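Numbering follows the UniProt record's numbering, in which position 274 of the sequence shown is assigned residue number 274; successive positions increment by one, without gaps.
C-beta atoms are modelled at their ideal positions from N, C-alpha and C, and glycine is treated no differently.
Values in this document were obtained by computation on a predicted structure and should not be read as measured data.
Notes for the one structure printed next.
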Amino acid sequence: DSTAYSIITVCRCECTGGQVKTGVFCLNNTAIAAASSNGNIHIFPIDVDKERGRSGTSATIASTASSSYASGNRVKPLLESFVDPAAEGQIVEMAHFTAGGQNLLSYVTTKGRLCGLDLRSNETVWRLTNNPKFGLVLSMAVDPYENWVALGTSLGYHVIWDMRFQLPIRHWQHTGHQKHTHVHAVHHLSPHPTDPPSLISAVSGNNEVSVWDMETATRRQMLWASPAPPFGEMTDKPHQQESVRGLTTCVFDDHPVILTGGTDRIVRLWNLRDPDRCCCVVKPKYLKRIQFDYQFKVIEGVEVTKEITQSVMSSSGGPSSPDGLPPPEACSHQHSHVDFVTDLSVVPYKNQQFIVSVSHDGVLKLWK
């Protein structure tokens, strides 16, 4: 069963203008780095009430959230930096580098700047530039060992940087399927949870997720949650179709697992080793009579797991149709997201794992 809990703001972080675009934990998970649309980077401490004897645990956060917010508590940043949006572009994603004794905040901008900010000196120690012909940078992934960084662009390019030598070593483009070549923007990237040479990529259209071999720039697996045939002719442009916007990976029962969410407001679990264990985790209320099954095929040398939907007879004897998405007001506010899912995470707690999902309207849900 899935159970949703509401999360409310604990305190107000003191920023000057702009909208927060991305954030990351840093300083041994004792602080959060946040980047805003106006180019400001702020590092905020997490345990702001430690001097009052509070531990900063989730239970304390929940119990003190209302009073903290109502009293207007503001958290001042530990460190501030600025990236000129006009010259460098807006910050898309950030990562914290700690290998080799480093304490760097790495960030990538829409104009292809890949930079490293030393949090000890508050100085930029390296600034790399992505080739402009690859398009605007939309996503970034970092190797768990911090040996490489992958960038995804608006023109469907995947660009791999070797951070040991700070050089681009490989790139390839998602060029679409069959004769009709459409641009598939790369919305999300992630390292593979069990296979380091592989890169997971979510692109626009057909809720498509691919697993790429970075050494050969070839696709090994593809996840497809669309009524259209995989590798078939596309009748619509990718940006007009349902797409994955949030993605995270984990290992469950020694199997690599991908969790996806996107514009159709459905959270799916994909088991990369056993397609029979793929499932729909969260779905809108209007889909309660739609059954989700998963079919495995090898197409053009690629292992494809395709989602199949079929109507289940209603109590009145009539089938419900899966065709088309109803307006948001037709969805259940209590259980599923009303707006599209923008990000996902898996949070381990004791002997359980919880799924955290965030939607475009700012709603955060915790699923058990």
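Whole beta strand (DSSP E) elements within the stretch 112-155, 3-residue minimum: Here the runs fully enclosed are 113-118, 123-129, 137-142 and 148-153.
For leucine 199, the residue or residues it bridges with in DSSP: On the sequence shown, residue 199 is found 199 positions in, with the first residue counted as 1. Partner(s): Pro191 and Trp212.
Alpha-carbon to alpha-carbon, asparagine 131 and glutamine 19: Taking the sequence shown and counting its residues from 1, the one referred to as residue 19 is at position 19. Taking the sequence shown and counting its residues from 1, the one referred to as residue 131 is at position 131. Each residue's Cα considered, the two are about 27 Å apart.
First and last residue of the uninterrupted alpha helix (DSSP H) at proline 77: Within the sequence shown, residue 77 is the residue found at index 77, counting from 1. First-last for proline 77: undefined, no H or E at that position.
Valine 209 vs leucine 199 beta-carbon contact at 8 Å: To locate residue 209, count along the sequence shown from 1; it is residue 209. To locate residue 199, count along the sequence shown from 1; it is residue 199. For valine 209 and leucine 199, no; Cβs fall outside 8 Å.
Where the alpha helix (DSSP H) through proline 85 begins and ends: Residue numbering aside, residue 85 sits at position 85 when the sequence shown is read from its first letter. Note, proline 85: alpha helix (DSSP H), 85-88.
Arginine 52 classed as buried or exposed, judged by whether at least 16 other C-beta atoms fall within 10 angstroms: The count along the sequence shown starts at 1 and reaches residue 52 at position 52. Because the pLDDT at arginine 52 is just 43, under 50, the model does not fix this residue reliably, and the value given afterwards should be weighed accordingly. By the 10 Å Cβ count, arginine 52 comes out exposed.
Minimum length 3: unbroken beta strand (DSSP E) runs contained in the stretch 205-292: Those beta strand (DSSP E) runs which fall completely within the stretch 205-292 and span 3+ residues are 209-213, 218-224, 244-252, 255-262, 267-271 and 279-282.
Proximity of cysteine 26 and isoleucine 43 at Cβ, strictly below 8 Å: Taking the first residue of the sequence shown as 1, we reach residue 26 at position 26. Taking the first residue of the sequence shown as 1, we reach residue 43 at position 43. With respect to isoleucine 43, cysteine 26 sits close: the two C-beta atoms are nearer than 8 Å.
Burial state of alanine 70, where buried means 16 or more other Cβ atoms lie within 10 Å: Numbered from its first residue, the sequence shown carries residue 70 at position 70. Note that alanine 70 has pLDDT 38, beneath the 50 cutoff, so the model's placement of it is unreliable and no number is given.
Three CB pairs or more closer than 8 Å across the stretch 239-254 and the stretch 344-358: By the Cβ test, the stretch 239-254 is in contact with the stretch 344-358, since at least three Cβ pairs between them sit closer than 8 Å.
Contact the stretch 225-234 vs the stretch 156-175: 3+ CB pairs below 8 Å: Per the Cβ contact rule, the stretch 225-234 is not in contact with the stretch 156-175 (fewer than 3 Cβ pairs under 8 Å).
For histidine 42, the first and last residue of its enclosing beta strand (DSSP E): The sequence position of residue 42 within the sequence shown is 42, counting from 1. Under the DSSP assignment, histidine 42 falls in the beta strand (DSSP E) whose first and last residues are 40-45.
Which of helix, strand or coil DSSP assigns to glycine 18: Position 18 of the sequence shown, counted from the first residue, corresponds to residue 18. Of the three classes helix, strand and coil, the one that applies to glycine 18 here is coil, per DSSP.
Euclidean distance between Cα positions of alanine 99 and lysine 365: Locating residue 99 in the sequence shown gives position 99, counting from the first residue. Locating residue 365 in the sequence shown gives position 365, counting from the first residue. Alanine 99 and lysine 365: Cα-Cα distance of roughly 33 Å.
Chain-order list of residues whose beta-carbon lies under 6 Å from that of tryptophan 270 (same chain, five-residue window excluded): Walking along the sequence shown from the start, residue 270 turns up at place 270. Setting aside the 5 residues that flank it on each side, tryptophan 270 is surrounded in the same chain by Leu223, Ile258 and Cys278, each with a C-beta closer than 6 Å to its C-beta; the list follows chain order.
Per DSSP, the bridge partner or partners of glutamine 173: Indexing the sequence shown from 1 puts residue 173 at position 173. For glutamine 173, the beta-bridge partners assigned by DSSP are Tyr157.
Separation of tyrosine 294 from tryptophan 212, as counted between CA atoms: Start at 1 with the first residue of the sequence shown, and residue 212 comes out as number 212. Start at 1 with the first residue of the sequence shown, and residue 294 comes out as number 294. The alpha-carbon atoms of tryptophan 212 and tyrosine 294 are separated by roughly 21 Å.
Option in Gly112, Thr110, Glu93 and Gly116 with minimal Cα separation from asparagine 103: Here the question's residue 103 lines up with position 103 in the sequence shown. Residue Gly116 is the option with its Cα nearest to asparagine 103.
7 Å CB neighbourhood of phenylalanine 340 in its chain, flanking five on each side removed: As a first step, residue 340 must be located in the sequence shown, where it is residue number 340. Scanning its chain for C-beta atoms nearer than 7 Å, with the 5 sequence neighbours on each side dropped, one finds around phenylalanine 340 the residues Arg245, Gly262, Thr263, Arg265, Ser359 and His360, in chain order.
Rounded separation between valine 203 and glutamate 123 - CA only: As a first step, residue 203 must be located in the sequence shown, where it is residue number 203. As a first step, residue 123 must be located in the sequence shown, where it is residue number 123. Going by the C-alpha atoms only, they are around 34 Å apart.
Distance between valine 267 and residue 376 (C-alpha atoms, nearest Å): The question about residue 376 has no answer, for the chain in this structure spans 1 to 368.
Outcome for serine 37 when other beta-carbon atoms lying within 10 angstroms are tallied against a minimum of 16: Along the sequence shown, read from residue 1 onward, the residue named residue 37 stands at position 37. Exposed is the call here.
Cut-off 6 Å between Cβ atoms - residues of its own chain near methionine 140, not counting five sequence neighbours on either side: Locating residue 140 in the sequence shown gives position 140, counting from the first residue. Same-chain partners within the cutoff: Glu93, Val108 and Leu151.
Pair within 8 Å by beta-carbon distance, alanine 112 and threonine 129: Here the question's residue 112 lines up with position 112 in the sequence shown. Here the question's residue 129 lines up with position 129 in the sequence shown. Checking the sequence, you will find glycine at residue 112 rather than alanine. With respect to threonine 129, glycine 112 sits close: the two C-beta atoms are nearer than 8 Å.
Coil, strand or helix - alanine 35 by DSSP: In the sequence shown, the residue the question calls residue 35 occupies position 35. In this structure, alanine 35 counts as strand in the three-state DSSP scheme.
Inter-residue spacing [alpha-carbon to alpha-carbon] between valine 142 and valine 312: Your numbering for residue 142 matches position 142 in the sequence shown. Your numbering for residue 312 matches position 312 in the sequence shown. Taking the Cα positions, valine 142 is about 42 Å away from valine 312.
Straight-line Cα distance separating phenylalanine 165 from valine 282: Counting from 1 along the sequence shown, the entry for residue 282 is found at position 282. Counting from 1 along the sequence shown, the entry for residue 165 is found at position 165. Taking the straight line from one Cα to the other gives about 43 Å.
Exposure label - threonine 216; buried when at least 16 CB within 10 Å: Within the sequence shown, residue 216 is the residue found at index 216, counting from 1. With fewer than 16 Cβ atoms within 10 Å of its Cβ, threonine 216 is classed as exposed.
Status (buried if at least 16 other CB within 10 Å, exposed otherwise) for proline 191: Taking the sequence shown and counting its residues from 1, one reaches residue 191 at position 191. Its Cβ being crowded by 16 or more others within 10 Å, proline 191 is buried.
Opposing strand residues paired with valine 358 [DSSP bridges]: Working through the sequence shown from its first residue, we reach residue 358 at position 358. Valine 358 pairs with Asp343 and Leu364.
Secondary structure of alanine 185, DSSP reduced to three states: Taking the sequence shown and counting its residues from 1, the one referred to as residue 185 is at position 185. In the structure shown, alanine 185 sits in coil (DSSP, three-state: anything other than H, G, I, E or B).
Within 8 Å, strictly: CB atoms of phenylalanine 292 and threonine 305: Position 292 of the sequence shown, counted from the first residue, corresponds to residue 292. Position 305 of the sequence shown, counted from the first residue, corresponds to residue 305. Contact annotation: phenylalanine 292 and threonine 305 have beta-carbon atoms that are not nearer than 8 Å.
Buried versus exposed call for valine 183 [16 or more other C-beta atoms within 10 Å across all chains shown]: On the sequence shown, residue 183 is found 183 positions in, with the first residue counted as 1. Buried.
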